[in-house]
Amino acid sequence: MEQIRENIKQIKAEIEEACRRVKREAKEVKLLAVSKTVPVAVLAEAYQGGQVLFGESRAQELKCKVPLLPEEISWHFIGTLQRNKVKDVVGRVALIHSVDSLALAREINKRAGKKGLLVDLLLQVNVAGEETKRGFTPLEVVASAREIGQLPAVRLKGLMTLAPYVENAEKVRPFFRELKALAQTLEQLQLPGVQMQELSMGMSHDFTVAVEEGATIVRLGSRIFGKRNELGR
Ligand SMILES: *Cc1c(COP(=O)(O)O)cnc(C)c1O
């Protein structure tokens with residue numbers, strides 16, 4: 137438990153250093169603790185230590201954990217979201233990072249409308265064009281953002297990407313840079329219902345590079361909680 141707080145402290149120091157290198161303010165960067173597969177008792181400890189942003193990637197797990205932990209926690213959804221699970225996520229999270237199709241955005245809008253909510257979203261972009269990863273292609277982003285911006289019960293707040301996993305994190309720098317450039321393009325278009333406030337990029341092994349390239353949310357699991365014992369994710 138002490139170890140988790142120590143890990144978070146160390147990560148924050150690394151975020152600050154990365155910000156210093158590129159003359160950004162460290163307060164522009166939020167640390168999302170990716171808590172998938174992590175037991176609630178461990179999350180409670182991290183919360184006691186001051187961590188308030190947690191990211192889950194499965195609707196069922198989110199639904200189980202939320203009522204067991206303090207209301208002050210801000211939950212984010214970061215995983216593949218099936219349309220029939222949208223109802224379990226809407227109303228429980230502050231931000232959905234992983235909107236990877238128009239059909240999903242429309243379903244979120246529908247569920248949010250029914251509950252009288254306004255739900256914040258990020259578009260997941262497959263900047264590296266990996267076959268195995270979901271997300272909009274960079275070429276689809278503008279048209280999709282334009283459509284999503286028209287939906288009354290959602291707000292498009294930015295972009296998210298999952299970079300390829302490579303040993304040398306420097307190799308993914310161009311993908312982070314491309315996501316930032318896409319966000320800037322969208323910002324300049326000033327589409328109704330679209331604001332580019334958040335860039336969700338960077339994980340345990342590449343977050344310092346992502347911060348240097350403009351990330352506002354970094355998503356870290358294993359660096360905080362240790363290696364996951366996971367089946368199929
Ligand atoms: C699991 C996961 C992370 C965290 O991965 P680590 O390598 O453990 O930091 C970040 N983003 C998404 C979308 C994930 O599914």
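Throughout the sequence shown, residue numbering follows my numbering, covering 137 to 369 in sequence. Idealized CB from N, CA, C, for every residue including glycine.
Query - Alpha-carbon to alpha-carbon, Lys172 and Asp342 - result: Those two C-alpha atoms are separated by around 19 Å.
Query raised in the report: In or out: Arg247 buried (at least 16 other Cβ within 10 Å) or exposed?
Result: Residue environment for Arg247: buried (at least 16 other C-beta atoms within 10 angstroms of its C-beta).
Query raised in the report: Looking only at its own chain, which residues have a Cβ that is under 6 Å from the Cβ of Gln139, when we skip the five neighbours before and after it?
Result: Listed in chain order, the non-local C-beta contacts of Gln139 below 6 Å within the same chain number zero, local neighbours out to five positions each way being set aside.
Query raised in the report: What number of angstroms, rounded off, separates the C-alpha of Glu267 from the C-alpha of Val345?
Result: Approximately 23 Å, taken between the alpha carbons.
Query - For Ile144, the three-state DSSP class (helix, strand or coil) - result: Residue state for Ile144 is assigned as helix, using DSSP reduced to three classes.
Requested in this report: Go to Asp256, then tell me how far its beta strand (DSSP E) extends in each direction, as first and last residue.
Outcome: Val255 to Gln260 is the extent of the beta strand (DSSP E) around Asp256.
Query raised in the report: Which residue comes first and which comes last in the beta strand (DSSP E) that contains Glu334?
Result: Run containing Glu334: Val330 to Ser336, per the beta strand (DSSP E) assignment.
Requested in this report: Starting from Arg79, follow the beta strand (DSSP E) in both directions and report where the run begins and ends.
Outcome: For residue 79 there is no data in the structure shown, the boundaries of the chain being 137 and 369.
Query raised in the report: Helix or strand or just coil, what does DSSP make of Glu192?
Result: Secondary structure of Glu192 (DSSP, three-state): strand.
Requested in this report: Let me know the secondary structure DSSP gives Ile151 once reduced to three states.
Outcome: Helix, per DSSP.
Query raised in the report: Among Glu152, Gln187 and Val174, which residue has its Cα nearest to the Cα of Glu164?
Result: The residue with the shortest Cα to Cα distance from Glu164 is Glu152.
Query raised in the report: Is it right to say Val277 is buried, meaning 16 or more other beta carbons lie within 10 angstroms of its own, or is it exposed?
Result: Burial call: buried.
Query raised in the report: Is Met137 near ligand 1, going by C-beta to nearest heavy atom under 6 Å?
Result: No; taking the cut-off as 6 Å, the Cβ of Met137 has no heavy atom of ligand 1 nearer than that.
**Report entry** Spatially closest choice to Ile244 from Val263, Val261, Asn262 and Lys223, by CA coordinates
**Finding:** Nearest option by C-alpha distance: Lys223.
Report task. Pull up the distance between the alpha-carbon of Leu292 and that of Leu189, whole angstroms please. Result -> Rounded to whole angstroms, Leu292 to Leu189 spans 19 Å at the Cα level.
Query raised in the report: Taking DSSP as the reference, what is the three-state secondary structure of Val263?
Result: Val263 carries a coil assignment under DSSP once its states are collapsed to helix, strand and coil.
Requested in this report: Consult DSSP for Lys159 and reduce its assignment to one of helix, strand or coil.
Outcome: If DSSP states are grouped into helix, strand and coil, Lys159 belongs with coil.
Query raised in the report: Taking buried to mean at least 16 other C-beta atoms within 10 Å of its own C-beta, is Lys201 buried or exposed?
Result: Counting Cβ neighbours within 10 Å, Lys201 comes out buried, since at least 16 surround it.
**Report entry** Other residues of its chain near Leu240: CB distance less than 8 Å, five sequence neighbours each side excluded
**Finding:** Excluding residues within five positions, the ones whose Cβ falls inside 8 Å are Leu217, Arg219 and Val222.
Query - C-alpha gap between Thr321 and Val263, whole angstroms - result: Rounded to the nearest angstrom, the gap between the Cα atoms of Thr321 and Val263 is 15 Å.
Report task. Assign Asn365 to buried or exposed, taking buried as 16 or more other Cβ atoms, counted over all protein chains shown, within 10 Å of its Cβ. Result -> Looking at its Cβ environment, which holds fewer than 16 other Cβ atoms inside 10 Å, Asn365 is exposed.
Query raised in the report: Would you call the CB atoms of Glu348 and Lys316 closer than 7 Å?
Result: Not a contact, by the Cβ cut-off of 7 Å.
**Report entry** Three-way DSSP call (helix, strand, coil) for Lys166 in this model
**Finding:** Strand at Lys166.
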